[in-house]
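Quick note: the sequence shown uses the numbering used here, first residue 58, plus one each step.
Even glycine gets a Cβ: it sits at the ideal position worked out from N, Cα and C.
Taking it in order: structure first as structure tokens, then the write-up.
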Amino acid sequence: MCIDVPPGIGGPPVPTVAGRWTGVDEGSPMAGNSTEPGRSVTSKVAAILMSFTNGRGHALVDLARQAGLPTSTAHRLARELADRHLLERTDDGEFRVGLPLRMLCGEVAERPTLRERAPFIVDDLCEATRTPARLGVLDDLEVAYIERLPGYRPVSTFSTAARLPVHATALGKALLAFAPSQVVRMVLTPSLHAYTTATLTTPEQLHRALQCVRLHGMATSCGELQAGHCGVAVPVPGPCGTAIAAVGVEVADLEPATLGRVVPALVLAARGLARELAVDPRERATAAVGAAAGAGRAAG
Numbered sequence: 058m059c060i061d062v063p064p065g066i067g068g069p070p071v072p073t074v075a076g077r078w079t080g081v082d083e084g085s086p087m088a089g090n091s092t093e094p095g096r097s098v099t100s101k102v103a104a105i106l107m108s109f110t111n112g113r114g115h116a117l118v119d120l121a122r123q124a125g126l127p128t129s130t131a132h133r134l135a136r137e138l139a140d141r142h143l144l145e146r147t148d149d150g151e152f153r154v155g156l157p158l159r160m161l162c163g164e165v166a167e168r169p170t171l172r173e174r175a176p177f178i179v180d181d182l183c184e185a186t187r188t189p190a191r192l193g194v195l196d197d198l199e200v201a202y203i204e205r206l207p208g209y210r211p212v213s214t215f216s217t218a219a220r221l222p223v224h225a226t227a228l229g230k231a232l233l234a235f236a237p238s239q240v241v242r243m244v245l246t247p248s249l250h251a252y253t254t255a256t257l258t259t260p261e262q263l264h265r266a267l268q269c270v271r272l273h274g275m276a277t278s279c280g281e282l283q284a285g286h287c288g289v290a291v292p293v294p295g296p297c298g299t300a301i302a303a304v305g306v307e308v309a310d311l312e313p314a315t316l317g318r319v320v321p322a323l324v325l326a327a328r329g330l331a332r333e334l335a336v337d338p339r340e341r342a343t344a345a346v347g348a349a350a351g352a353g354r355a356a357g
């Protein structure tokens with residue numbers, strides 16, 4: 058059977074649907090419903106990632122220019138890469154290479170930061186407990202937090218909209234119990250805002266609750282912020298008995314069986330994060346090499 062070759066295309070043609078033809082570099086629409094001819098989604102993602110080979114972060118406009126992409130396309134792809142932690146946003150809004158890519162490149166000279174490690178901790182907690190998981194830090198007498206809900210959803214990012222009151226949440230009480238005394242005094246006002254009838258509204262009530270947190274190493278709340286919602290949280294220990302963060306999950310109740318299921322996972326996550334942030338990666342690598350050498354000598 059003889060097939061007519063459309064003019065202007067060199068090499069053997071390839072018939073496609075509805076009588077259209079494709080060929081190398083013919084300028085057909087790219088994958089991913091893009092209207093930009095000649096570039097696949099993979100090539101655009103690669104162009105974005107290759108923009109960081111100089112080691113610097115980039116603002117969105119600069120990132121789009123270096124990758125040769127429309128700003129809207131660069132923003133969409135960079136946001137998706139950030140959701141998967143391959144890129145991350147800096148405090149001034151720039152994009153930079155995320156921790157997983159730096160680890161693949163063997164960059165372990167810098168100690169990981171809480172902002173870098175927090176999404177992984179929350180992700181693991183949500184998967185382990187099958188419940189909504191959060192990590193929070195104190196910020197101007199409120200709890201700034203990130204969270205992950207069960208299902209195929211990425212971990213949220215720290216934002217000005219994601220704030221919780223310290224006195225009405227398990228995360229807040231876990232942080233406040235190990236906060237500096239001056240911070241506690243600023244929170245313990247004569248009348249605390251009542252979100253529900255179960256909210257602790259007097260300094261005496263909150264003071265007793267914080268003593269229980271210090272005694273048991275965990276904080277709970279039940280219906281204090283929203284009726285019918287319970288939570289449990291543990292502090293992430295820092296230097297000198299402080300808490301650098303707190304991790305928590307939402308639970309159906311505060312029964313012993315429920316706490317026995319989620320508290321070990323919370324403690325493990327909190328201690329693991331504390332160790333990661335406290336140990337210099339170079340020391341960790343040296344220790345790993347030493348342990349491997351010791352194992353080799355023992356085997357010999």
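- By the 16-neighbour rule on beta-carbons within 10 angstroms, GLU312 is exposed.
- About 13 Å separates the CB atoms of VAL244 and VAL270; that is not less than 8 Å, and the two are not in contact.
- Here the C-alpha atom of ILE203 lies approximately 7 Å from the C-alpha atom of GLY193.
- Here THR315 carries a helix assignment [DSSP, helix/strand/coil].
- Annotated three-state conformation of GLU137 is helix, per DSSP.
- Listed in chain order, the non-local C-beta contacts of SER248 below 7 Å within the same chain comprise THR258, local neighbours out to five positions each way being set aside.
- In this structure, the CA atom of GLY155 is about 44 Å from the CA atom of THR254.
- DSSP, read as helix, strand or coil, puts ARG172 in helix.
- Annotated three-state conformation of GLY193 is strand, per DSSP.
- Selection PRO260, ALA135, SER100, ALA251 evaluated against GLY114 yields ALA135 as nearest (Cα-Cα).
- For ARG220, there is no enclosing alpha helix (DSSP H); the enclosing beta strand (DSSP E) covers residues 220-222.
- Between the alpha carbons of THR186 and ARG133 lies a distance of about 31 Å.
- Relative to the Cα of SER213, the nearest Cα in the group ALA139, ALA284, LEU120, ALA103 belongs to ALA139.
- If you draw a straight line from the Cα of ASP310 to the Cα of PRO237, it is about 30 Å long.
- Counting every other CB atom within 10 Å of its CB across the protein chains shown gives VAL118 a total below 16, marking it as exposed.
- Contact annotation, PRO292 with LEU232: C-beta distance approximately 7 Å; criterion of less than 8 Å satisfied.
- Within the stretch 239-299, the beta strand (DSSP E) runs of at least 3 residues that lie entirely inside it are, in chain order, 276-279, 287-294.
- Straight across, the Cα-Cα distance linking LEU206 with LEU120 is about 30 Å.
- In the three-state reduction of the DSSP assignment, ARG153 falls in the strand class, which pools E and B.
- Bounds of any beta strand (DSSP E) do not take in ALA124; it lies within the alpha helix (DSSP H) bounded by 117-124.
- The three-state secondary structure of GLY208, taken from DSSP, is coil.
- In the assembly as shown, PRO321 is an exposed residue. Its beta-carbon has fewer than 16 other beta-carbons within 10 Å.
- Closest by C-alpha distance to ALA284, out of GLY329, PRO294, THR246, ALA225, is ALA225.
- Minimum Cα-Cα distance from TYR209 among the listed residues CYS287, GLU184, ALA218 corresponds to GLU184.
- In this structure, the beta-carbon distance from ALA234 to LEU267 falls below 8 Å.
- Burial check for ALA116: the Cβ neighbour count within 10 Å stays below 16, so the residue is exposed.
- Here the alpha carbons of ILE105 and ALA131 stand approximately 8 Å from one another.
- For the pair TYR252 and ALA290, the Cα-to-Cα distance works out to about 19 Å.
- The beta carbon of VAL102 lies closer than 8 Å to those of LEU134, LEU138 in the same chain, with the five residues before and after it left out.
- Looking from the CA of PRO296, the closest CA among GLY280, GLY125, SER129, ARG332 belongs to ARG332.
- Annotation: the continuous alpha helix (DSSP H) that includes LEU106 extends over 98-107.
- If you look at LEU232, you'll find it in the alpha helix (DSSP H) that goes 227-233.
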